[in-house]
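Numbering (our numbering), first residue to last: -2 to 236.
Where is the CB? At the ideal position from N, CA and C, for every residue including glycine.
Predicted model only: the values in this text are computed from it and were never measured.
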C-alpha cells in the first residue's frame, strides 16, 4: 500500500506515520509511506495511481487540505482521500471532494485501525472491478475513473457520459467500444444508449430500473429485457 501524509506540522506527520506503520505491520501488509509538509509540495509530486491513500490536514498555510484535494480530484478520482482536522464542522466540507474518511485530532491507534480495516476491505472489492481511463473533452486532461463509482455510461450524440453519484464526465467514444472495454465488470446494456452498473441497481420494475439513492427511471429497451433480467437475477438485484 502506498500512502501519502500531508500536514504542515512535522510532529503530526510523524505520529500518524507511526500509527499507520503499526497497523500495516500488525496485518502483515507491505506499505510505503511518504510525508509532505505542504499541499503545494504534495500537488507538485502527485500523479494518478501514485498513492492508494492520501491523508490531508485541512488547516495548512498556503494551499490548505481542501484546495489540495480539489487539485488531486481534477486528475484522479480513484485515490482514497482522508481528511484530518480538529474542527468538526469541516467534516461536511470534505464530502465535496468524495472523502473516504475523517479523523479528528487527536487521533488514536484504534481509530486508525478501524478506518483502515474498512478502507482496505472496500479497496479490495473495488479492485475486482478496476478503473477506466478516459480522456476528457476540450483537452481537459485524462482521469482514472473508478468503475465501482460509475452509475452508468450513456451515449449522447457522438459523446459518452460517465455518470457518478456526484458528477458527470464527458468524453469521445462509442458505447459499443466502452462496452467491450469493461466486459465482465458488472455493467449491462439496458437500451441502445445506456450501460448500467449492476452494483448500483436498487430495483427492477420490468420496464425501467431505479438506482440506489436516486429516483431516476432508466428505461429498459424491449429487445434488452431478457438479457437484463438474466443479468440482474444472477447479481441478485431486487425485483
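Unbroken beta strand (DSSP E) run spanning residue i, endpoints
{"i": "residue 98", "result": "98 to 101"}
{"i": "residue 149", "result": "147 to 153"}
{"i": "residue 221", "result": "Segment: none, residue 221 is in no beta strand (DSSP E) and carries neither H nor E."}
{"i": "residue 141", "result": "139 to 143"}
One or two residues paired with residue i in a DSSP bridge
{"i": "residue 31", "result": "1"}
{"i": "residue 166", "result": "159"}
{"i": "residue 39", "result": "Partner(s): none; residue 39 has no beta bridge."}
{"i": "residue 26", "result": "Residue 26 pairs with nothing; no bridge assigned."}
{"i": "residue 126", "result": "Answer is none; residue 126 lacks a bridge partner."}
Separation of residue j from residue i, as counted between CA atoms
{"i": "residue 233", "j": "residue 116", "result": "Bear in mind that a pLDDT of 46 at residue 233, under 50, signals an unreliable position, so the number given afterwards is only what the model happens to contain. Roughly 24 Å separates the two Cα atoms."}
{"i": "residue 174", "j": "residue 161", "result": "19 Å"}
{"i": "residue 203", "j": "residue 212", "result": "16 Å"}
{"i": "residue 16", "j": "residue 109", "result": "7 Å"}
{"i": "residue 156", "j": "residue 167", "result": "7 Å"}
{"i": "residue 200", "j": "residue 209", "result": "8 Å"}
{"i": "residue 195", "j": "residue 143", "result": "15 Å"}
{"i": "residue 215", "j": "residue 152", "result": "13 Å"}
{"i": "residue 169", "j": "residue 6", "result": "44 Å"}
{"i": "residue 31", "j": "residue 164", "result": "30 Å"}
Where residue i falls: helix, strand or coil (DSSP)
{"i": "residue 75", "result": "coil"}
{"i": "residue 174", "result": "helix"}
{"i": "residue 180", "result": "coil"}
{"i": "residue 193", "result": "strand"}
{"i": "residue 110", "result": "helix"}
{"i": "residue 230", "result": "helix"}
{"i": "residue 49", "result": "coil"}
{"i": "residue 217", "result": "coil"}
Span of the alpha helix (DSSP H) around residue i
{"i": "residue 69", "result": "62 to 70"}
{"i": "residue 17", "result": "7 to 23"}
- Would you check if there are 3 or more beta carbon pairs closer than 8 Å linking the segment 210 to 228 to the segment 175 to 195? Enough Cβ pairs lie closer than 8 Å, so yes.
- Message: Counting beta carbon pairs with one atom in the segment 98 to 118 and one in the segment 163 to 179, are three or more of them shorter than 8 Å?
- Response: No, the segment 163 to 179 does not touch the segment 98 to 118.
- Query: Between the segment 18 to 25 and the segment 39 to 55, are three or more C-beta pairs nearer than 8 Å?
  - Reply: Under the Cβ criterion (8 Å, minimum of three pairs), the segment 18 to 25 does not count as touching the segment 39 to 55.
- Message: Across the segment 133 to 147 and the segment 49 to 61, are there enough close Cβ pairs to call them in contact, namely three or more that are closer than 8 Å?
- Response: No, the segment 133 to 147 does not touch the segment 49 to 61.
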